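>
Residue numbers (the numbering used here): -7 to 118.
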């Protein structure tokens, strides 16, 4: 079950990111950093352009505009707002993933208020 949640989350997240990248002309990328202490530093490593740092463990989404600083001779990340469409899609996807992960196991049927729950198992070929 956990594997399916992860795959669904990644597919949906990539779809949301594709929407974000279609909005911006030049994009640095997407970086996943769970329990990230300094997302700004992680974004600066991605190269120039718009970079999203995703923290799936804490359900956070950070946006940065990465540019090369000629005086310091290194990349620097400037925090920028994540478009509302991308942010809401990200939180909606993470909410669905949490609901799917907390779904009850099919091995223990539960009585519903309006009837019985009957688990259906697929037929196993012999």
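All residues carry an ideal CB built from backbone N, CA and C; glycine is no exception.
Because the structure is a prediction, the values reported are computed rather than measured.
DSSP on residue 39, reduced to helix/strand/coil?
coil
> Run the CB neighbour count on residue 42, radius 10 Å, all protein chains shown included, and call it buried at 16 or more, exposed below.
buried
> Note down the Cα distance separating residue 70 from residue 80, rounded to an integer number of angstroms.
22 angstroms
> Return the CA-CA distance between residue 82 and residue 37, expressed in angstroms with no decimal places.
23 angstroms
> Any C-beta of chain C sitting closer than 9 angstroms to the C-beta of residue 75?
Of the protein chains in this structure there is only one, and it is not chain C.
> Put residue 62 into one of helix, strand or coil per three-state DSSP.
coil
> Where does residue 46 sit, in a helix, a strand or coil, going by DSSP?
strand
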